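Scroll down for the structure; my scribbles are underneath it.
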Amino acid sequence: MSEFQRGMIVGARSSGASVTETASLLGLARSTVSAAMTAYTKEGKRTSSKHNSGRESKLADRDRRALKRIVARKHKQSLSEITSEMNSHLQDPVSSKTVKRELHAANIYGRVAIRKPLVTPTNAFKRRQWCRDHNCWSPQQWQQVIWSDESSFTLFQTTGRVYVWRTPKEAFNPECLLPTVKHGGGSIMVWGAISWRGLGPLVILHGRIKSNHYLSILGDHVHPFVQTVFPGERPLFQDDNAPIHIARCVQEWFEEHDDAVDHLACPLQSPDLNIIEHLWQYLESKIRSRFPPPSGLSELKTALQEEWLNIPLNIVHDLYASIPRRIKSVPVNPVKGCSNPLLIKIFHYFTGVRIILASICMCRVTSIFLFLNVLLLLLNSEFRSTL
Numbered sequence: 010m011s012e013f014q015r016g017m018i019v020g021a022r023s024s025g026a027s028v029t030e031t032a033s034l035l036g037l038a039r040s041t042v043s044a045a046m047t048a049y050t051k052e053g054k055r056t057s058s059k060h061n062s063g064r065e066s067k068l069a070d071r072d073r074r075a076l077k078r079i080v081a082r083k084h085k086q087s088l089s090e091i092t093s094e095m096n097s098h099l100q101d102p103v104s105s106k107t108v109k110r111e112l113h114a115a116n117i118y119g120r121v122a123i124r125k126p127l128v129t130p131t132n133a134f135k136r137r138q139w140c141r142d143h144n145c146w147s148p149q150q151w152q153q154v155i156w157s158d159e160s161s162f163t164l165f166q167t168t169g170r171v172y173v174w175r176t177p178k179e180a181f182n183p184e185c186l187l188p189t190v191k192h193g194g195g196s197i198m199v200w201g202a203i204s205w206r207g208l209g210p211l212v213i214l215h216g217r218i219k220s221n222h223y224l225s226i227l228g229d230h231v232h233p234f235v236q237t238v239f240p241g242e243r244p245l246f247q248d249d250n251a252p253i254h255i256a257r258c259v260q261e262w263f264e265e266h267d268d269a270v271d272h273l274a275c276p277l278q279s280p281d282l283n284i285i286e287h288l289w290q291y292l293e294s295k296i297r298s299r300f301p302p303p304s305g306l307s308e309l310k311t312a313l314q315e316e317w318l319n320i321p322l323n324i325v326h327d328l329y330a331s332i333p334r335r336i337k338s339v340p341v342n343p344v345k346g347c348s349n350p351l352l353i354k355i356f357h358y359f360t361g362v363r364i365i366l367a368s369i370c371m372c373r374v375t376s377i378f379l380f381l382n383v384l385l386l387l388l389n390s391e392f393r394s395t396l
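Number 376 in my numbering belongs to position 367 of the sequence shown; there are no gaps in the numbering.
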């Protein structure tokens with residue numbers, strides 16, 4: 010019975026309605042109306058004092074907070090490890106099911122970790138710097154950029170899940186199995202380029218790629234593509250600053266062809282900023298959806314060339330339109346307006362010392378700390394103004 014119904018009972022009975030009339034009006038039993046009115050008359054209660062049914066939880070609010078801290082300290086641990094550490098703080102141990110239920114109640118679930126390239130602090134700084142430099146570019150400027158990258162494709166799928174529709178008896182049917190071989194049955198390395206106006210060449214690479222191989226790609230494929238698609242213009246050619254991309258001979262090539270194409274270096278370990286990375290995923294899905302699938306590396310080469318030429322241009326345009334959003338998704342520097350890592354460290358040092366001194370002043374140890382805190386605050390503001 011709700012609290013509103015209890016109030017209706019008290020109101021009806023107080024206005025002179027009988028128990029039978031009140032029960033008939035609210036659709037309740039006469040005993041329920043009598044019990045509610047008796048509780049109000051004797052104890053003045055309009056709410057129920059009955060506790061919720063069920064077993065009392067073994068974890069108190071304090072234990073739940075401790076459980077969250079255990080997970081927050083180390084996210085990459087198993088449920089049994091979390092339970093073991095949790096029980097070390099409890100007098101009455103709990104099971105893994107209890108820990109799992111409490112974690113779910115706190116909106117904490119076990120999930121597969123998202124794979125992400127390891128970005129060093131130096132490359133992270135270069136990513137932010139590159140995004141700041143290109144944050145205000147217009148769509149027309151991005152349409153003058155030719156994006157390029159390398160990727161490898163295996164004969165058999167080595168990553169991801171493949172789902173099949175089958176009955177339990179068809180579990181080992183050859184058509185319902187996913188063949189696995191070492192190293193994916195062989196792989197093919199390709200180099201490709203795209204532009205707003207059309208797809209560039211897809212070049213099959215053989216063996217380990219060195220700077221002289223990349224130099225031949227620039228001369229045999231990139232330069233003719235630029236002259237054909239951008240006649241009389243000077244577009245930007247993008248690469249990701251890999252060692253072969255910054256070799257001396259490659260830099261000399263760009264200097265010699267400076268009147269035809271300019272160079273746009275993209276930071277390392279930044280596949281999210283290179284739109285052609287998503288085109289490799291699209292090409293991979295098209296290869297895996299072919300039936301029958303390629304049975305050899307020669308068929309895989311043919312399939313890659315065919316699917317590359319069949320990529321719709323609107324997909325490329327959508328990728329170009331996503332560039333501003335990708336740049337804005339990169340976190341900016343914690344110190345606004347500062348691009349020097351050393352200055353950022355100094356700023357954080359001053360801020361940390363000022364907070365420590367403020368805490369000491371709150372304890373009223375001595376007035377000298379208050380003076381030092383004010384002095385550091387002034388130095389901090391002066392340091393900010395120089396940024």
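Where a beta carbon is used, it is the ideal one built from N, C-alpha and C, also for glycine.
Since the structure is predicted, the reported quantities are computational estimates derived from the model, not experimental observations.
Alpha carbon to alpha carbon, what distance is there between R137 and S338?
Here the alpha carbons of R137 and S338 stand approximately 10 Å from one another.
Spatial neighbours of W400 within its chain, please: C-beta separation below 7 Å, excluding the five flanking residues on both sides.
In the structure displayed, the chain extends from 10 to 396; residue 400 sits before or after that span and is not available.
Looking at the ligand FAD, does it come within less than 6 Å of E261, judged from the CB to the closest heavy atom?
Ligands in the displayed structure: none, and consequently the ligand FAD is not present.
Selection from F162, F239, D267 that minimises the alpha carbon distance to T311
Of the candidates F162, F239, D267, the one whose C-alpha sits nearest the C-alpha of T311 is F162.
Return the residue from the list D327, E261, G25 that minimises the CA-CA distance to G207.
The candidate whose alpha carbon is nearest that of G207 is D327.
Spatial neighbours of V19 within its chain, please: CB distance less than 8 Å, with the 5 preceding and 5 following residues excluded, ordered by chain position.
Exclusion of the five residues before and after V19 leaves A45, M46, Y49, R55 as the residues of its chain whose Cβ lies within less than 8 Å of its Cβ.
If we ignore side chains and look at the alpha-carbon of each, how far apart do H115 and P340 end up?
The amino acid occupying residue 115 in the given sequence is Ala; His does not appear at that position. Spanning the two alpha carbons is a distance of roughly 28 Å.
Let me know the alpha helix (DSSP H) ranges lying completely inside the segment 10-45, each 4 residues or longer, listed in chain order.
Fully enclosed alpha helix (DSSP H) runs of no fewer than 4 residues occupy 12-23, 28-35 of the segment 10-45, in order along the chain.
Note down the Cα distance separating A81 from S105, rounded to an integer number of angstroms.
So the two alpha carbons sit approximately 18 Å from each other.
Rounded to whole angstroms, what is the Cα-Cα separation between Q166 and C185?
A straight-line Cα-Cα distance of about 15 Å links Q166 and C185.
CB T31 to CB A21, shorter than 7 Å?
The answer is yes: Cβ separation under 7 Å.
Only counting runs of 3 or more residues, tell me where the beta strand (DSSP E) segments fall wholly within the segment 112-184, in order along the chain.
Counting only runs of 3 or more, we get 154-163.
Between I213 and V199, how many whole angstroms is the CB-CB distance? I'm expecting something under 8 Å.
In this structure I213 touches V199 by the C-beta definition: roughly 6 Å separates them, less than 8 Å.
Just the Cα atoms here: how many angstroms apart are S160 and L292?
Straight-line Cα distance between these residues: approximately 11 Å.
Which residues does DSSP list as the beta-bridge partners of M198?
Answer is S161, L214, bridged to M198.
Starting from L76, follow its DSSP beta bridges and name the residues at the other end.
DSSP output for L76 lists no bridge partner at all.
Tell me, please, whether the segment 307-326 touches the segment 126-145 by the rule of three or more beta-carbon pairs shorter than 8 Å.
By the Cβ test, the segment 307-326 is not in contact with the segment 126-145, since fewer than three Cβ pairs between them sit closer than 8 Å.
Quick one: Cα of T41 to Cα of R64, how far?
When rounded, the distance between both Cα atoms is 26 Å.
If you reduce the DSSP assignment to three classes, tell me which class F263 lands in.
Helix.
Take the Cβ of F300 as the centre, count every other Cβ of all protein chains shown within 10 Å, and call the residue buried at 16 or more, exposed below.
Taking all protein chains shown into account, F300 has fewer than 16 neighbouring C-beta atoms within 10 Å of its C-beta and is therefore exposed.
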